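Numbers in my numbering are just positions in the sequence shown, counted from 1, shifted up by 3.
These notes concern the structure reproduced below.
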Amino acid sequence: MTSTPTALVLLTAQRHHLEALPHEQAVSRAWQARVQAARAAGHLIVHVQWEGEPGTPGETFSRGWVLHPDFRAEATDLPVRATAPDAFAGSGLDAALRSRGVRELHLLALPGSEVRPETAQTARELGYRVDVLEDLPEPLRAT
């Protein structure tokens with residue numbers, strides 16, 4: 004297992020999160036650029052997959068639950084399944100990050116997502132340096 008001090012954490016990259024956006028492709032391209040830059044820098048990529056309630060767009064194992072097709076996990080990535088608005092709660096994320104030597108987190112999530120502030124708060128309480136990245140490409144922030 005490779006040690007890396009930084010991880011890019013994709014908090015809302017499931018299909019149901021992004022396909023509902025009017026500017027899905029623009030957001031996807033911007034996020035893909037972040038993932039590519041993080042990979043090039045040797046950062047760990049974390050894909051958080053939220054368990055969804057029956058009948059919701061993100062229902063576990065449904066079409067909406069899977070990662071958006073533009074974000075495929077690679078062998079060196081860390082997939083995490085989470086149930087609470089906090090990606091650390093009961094998921095083993097903290098232990099997985101510490102075992103890889105991660106000390107800094109770059110969080111990427113859609114605007115208004117309840118999971119971003121919850122996850123950021125817990126990460127800070129656990130001693131991680133947290134950077135919340137811009138949610139949307141510049142032209143879409145004004146829309």
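We put the CB at the ideal spot given by N, CA and C, even for glycine.
Since the model is a prediction, treat every value here as computed from it, not as a measurement.
For residue i and residue j, what's the separation of their Cα atoms in angstroms?
i	j	result
LEU13	ARG75	11 Å
HIS71	ALA44	23 Å
LEU11	GLN28	20 Å
GLY95	PRO25	34 Å
TRP68	PRO60	7 Å
HIS19	GLY130	31 Å
ALA85	ALA33	24 Å
VAL135	HIS46	16 Å
ALA112	ALA78	22 Å
GLU147	GLN17	Residue numbering for the chain in the displayed model covers 4 to 146; residue 147 lies beyond these limits and cannot be assessed.
GLY58	PHE64	11 Å
Mind reading off the beta-carbon distance from residue i to residue j? Whole number of angstroms is fine, and I expect it under 8 Å.
i	j	result
ARG103	SER6	6 Å
ILE48	ASP89	With 8 Å as the limit, ILE48 and ASP89 do not qualify as a contact, their Cβ atoms being about 20 Å apart.
VAL30	GLN52	Actually they do not touch by this definition, with Cβ atoms about 18 Å apart.
THR9	VAL105	7 Å
LEU100	VAL133	The Cβ separation is near 12 Å, so there is no contact.
From the DSSP output, read off the bridge partner residues of residue i.
i	result
TRP53	ALA85
ARG132	GLU107
Considering residue i, what are the terminal residues of the alpha helix (DSSP H) in which it resides?
i	result
GLU173	Since the first residue shown for the chain is 4 and the last is 146, residue 173 is missing from the structure and cannot be characterised.
ALA29	27-43
On the DSSP letters alone, give me the boundaries of the beta strand (DSSP E) that residue i sits inside.
i	result
GLU121	Taken as a continuous stretch (DSSP letters only), GLU121 belongs to no beta strand (DSSP E), being part of the alpha helix (DSSP H) at 118-128.
LEU13	9-13
Starting from the C-beta of residue i, find all residues in its chain whose C-beta is less than 6 Å away, skip the five residues before and the five after it, and write them out in chain order.
i	result
PHE91	ASP97, THR125
Whose C-beta lies closer than 7 Å to the C-beta of residue i among residues of the same chain, with five residues either side of it excluded?
i	result
THR122	LEU14, ASP89, ALA90, PHE91, LEU110
GLU128	none
Closer than 8 Å by C-beta to residue i: which residues in its own chain qualify, once you throw out the five before and the five after it? Chain order, please.
i	result
GLU22	GLY67, HIS71
GLN35	ASP73, PHE74
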